[in-house]
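K.L.:
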Amino acid sequence: MEMSQWMDADLHREFVAEQTDAMRLYTAPDGWVERYGVDVVISHKTDAALERMSTELYLWTLNVGYTFRRIFARFLPKQNADREAPRLMLGDAATNLQTIATERMLRYGIDFSAGYSVGLFIDQRENRRFVRDLAPKTLLNCFAYTCSFSVAAASVGSRTVSVDLSKKSLARGRENFALNALPTNDHRFIADDVMTVLPRLARKEEKFDVVILDPPTFSRSHKGKTFQVESDYETLLLAAIEVVAREGHILLSTNCTSLDERALEVMARYCLKATRRAAAFHRERPLPDFPRGEGASTLWMRMR
Ligand SMILES: C[S@@+](CC[C@H](N)C(=O)[O-])C[C@H]1O[C@@H](n2cnc3c(N)ncnc32)[C@H](O)[C@@H]1O
């Protein structure tokens, strides 16, 4: 997909046919447009970009025959600290600010009032599919957010452990299990710092067939401990290697623009050497709705 090009009608039909209604519709240097079920979010750097994308969106919906319920606009500030929740731009202000998005038949709760992120990172779609194809017995979801990887794994019979600092996000994770009629009896939700949970799991000699590592660029725990992805990813991966099962998989992912897939691989090779372990690497197929280089950088390791 080229930059500044709206999703092709055939591709949109393919998504709908596989029961996926969460997708990137358009990407440009000054913003992008995403569909979440019946609602649309326009993320924009300038007012002019918002105006242009709104007009083009209207023409695109006529062309592909998709009728949206509401449009939300989300300003993209220069500093992450200035990020805000999307605001309703078009549609009934009396309806609640939640909806449900579907990805390959799994349902995820979307909340436009919860903050900058609405509840589902669509650029992890192929990685969630890979987890479903693997059907691991156990999955450890670090930085779980709304537990989408856990839901994907649970849908194919895995037992999961989801770890996130945010109790609210984990509560939304439980709701996502419920949305898919998945009981949570075989699943654990730990509201704590991944950097302290991983060594604790290692001490108990717990092992997982899949470990998901998708940290934020920066965070601060309730105890004031900071996580800075560029300097702490290595420590994180070394701790994750201690809890991955033989022949298990680790997903390395980041949105940090200074850490591309090559940098992730260099770091992973260093950690393997330090722990005298070996692994094979692979990347999932490129997302058909994201231009090359857009979306999270991701890399899978298969331990040997
Ligand atoms: C980028 S999101 C993860 C997205 C998730 N992997 C997904 O695909 O939906 C980052 C999450 O990490 C959590 N977080 C940040 N620092 C953390 C830490 N030190 N320990 C546990 N969770 C943390 C945040 O609360 C947030 O939910």
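Residue numbers for the sequence shown follow this note's numbering, beginning at 589 and rising by one. Cβ atoms here follow ideal geometry from the backbone N, Cα and C, with glycine treated the same way.
Could you tell me which of MET889, ILE710 and SER754 sits nearest to LEU825, measuring between CA atoms?
P.N.:
Cα-wise, what sits closest to LEU825 is MET889.
K.L.:
Under 6 Å Cβ to Cβ from HIS870, same chain only, skipping five residues before and after it: list those, please.
P.N.:
Correct list, in chain order: TRP888.
K.L.:
Give me every residue whose Cβ sits closer than 5 Å to any heavy atom of ligand 1, in chain order.
P.N.:
That query returns the following residues: PHE709, GLN712, PHE731, TYR733, SER736, ASP752, LEU753, SER754, SER757, ASP781, VAL782, ASP802, PRO804, SER807 and PHE815.
K.L.:
What residues in its chain sit with their C-beta under 7 Å from that of ARG583, if we drop five residues either side in the sequence?
P.N.:
No answer is possible for residue 583: the residues shown for the chain start at 589 and end at 892.
K.L.:
Taking one C-beta from the stretch 768-782 and one from the stretch 742-752 each time, how about it: are there three or more such pairs within less than 8 Å?
P.N.:
The stretch 768-782 vs the stretch 742-752: in contact.
K.L.:
How would you write the range of the alpha helix (DSSP H) that ASP820 sits in, first residue to last?
P.N.:
817-829 is the extent of the alpha helix (DSSP H) around ASP820.
K.L.:
How would you call VAL854, buried or exposed, if buried means at least 16 neighbouring beta carbons within 10 angstroms?
P.N.:
VAL854 comes out exposed.
K.L.:
Which one of GLU794, ARG662 and MET693 has the shortest CA to CA distance from THR608?
P.N.:
Ranking GLU794, ARG662 and MET693 by Cα distance to THR608 puts MET693 first.
K.L.:
Checking the sheet assignment: what are the DSSP bridge partners for ALA610?
P.N.:
Its beta-bridge partners are TYR624.
K.L.:
Can you give the Cα-Cα distance for VAL595 and ARG880, rounded to whole angstroms?
P.N.:
The identity of residue 595 in the sequence shown is Met, whereas the question assumes Val. Cα to Cα, the separation comes out at about 14 Å.
K.L.:
Helix or strand or just coil, what does DSSP make of TYR858?
P.N.:
TYR858 falls in the helix class under three-state DSSP.
K.L.:
Write down the C-beta distance between SER841 and SER885 rounded to the nearest angstrom, noting that I regard them as a contact closer than 8 Å.
P.N.:
Right, their Cβ atoms sit about 7 Å apart.
K.L.:
Under three-state DSSP, which class holds ASN768?
P.N.:
Three-state result, ASN768: coil.
K.L.:
Please classify GLU606 as buried or exposed, where buried requires at least 16 neighbouring CB atoms within 10 angstroms.
P.N.:
Its Cβ having fewer than 16 others within 10 Å, GLU606 is exposed.
K.L.:
In the structure shown, what three-state DSSP assignment does GLU835 receive?
P.N.:
Here GLU835 sits in strand by DSSP.
K.L.:
At a cut of 8 Å, does the stretch 628-636 reach the stretch 649-667 through at least three beta carbon pairs?
P.N.:
Cβ pair count under 8 Å is three or more, so yes.
K.L.:
Alpha carbon to alpha carbon, how far is ASP780 from ARG788?
P.N.:
Each residue's Cα considered, the two are about 11 Å apart.
K.L.:
Can you tell which of VAL832, ARG791, ILE688 and VAL604 has the C-alpha that lies nearest to the C-alpha of GLY653?
P.N.:
Of the listed residues, the one whose Cα sits closest to GLY653 is VAL604.
K.L.:
Can you tell me which of the three DSSP states GLY761 falls into?
P.N.:
Helix at GLY761.
K.L.:
Which class does TRP648 belong to by DSSP, given the choice of helix, strand or coil?
P.N.:
If DSSP states are grouped into helix, strand and coil, TRP648 belongs with the helices.
K.L.:
What do you get for GLU622, buried or exposed, if any count of 16 or more other CB atoms within 10 angstroms of its CB means buried?
P.N.:
It is buried - the Cβ of GLU622 has at least 16 other Cβ atoms within 10 Å.
K.L.:
Under 8 Å by Cβ, that's how I've got THR784 and ILE829 pegged, so tell me the actual separation to the nearest angstrom.
P.N.:
Rounded, the Cβ-Cβ distance is 17 Å, inconsistent with contact.
K.L.:
Sorted by chain position, which residues of the same chain lie with C-beta nearer than 6 Å to HIS600's C-beta, five sequence neighbours on each side aside?
P.N.:
Result list for HIS600: VAL652, in chain order.
K.L.:
Count the other C-beta atoms from every protein chain shown that fall within 10 angstroms of the C-beta of ASN668, then say buried if there are 16 or more, exposed otherwise.
P.N.:
With fewer than 16 other Cβ atoms within 10 Å, it is exposed.
K.L.:
Please classify VAL706: does DSSP put it in a helix, a strand, or coil?
P.N.:
The answer is coil: DSSP assigns VAL706 none of H, G, I, E or B.
K.L.:
Nearest CA to the CA of ALA868: which residue from SER846, ASP877, PRO724 and ILE838?
P.N.:
Comparing Cα positions, the closest option is ILE838.
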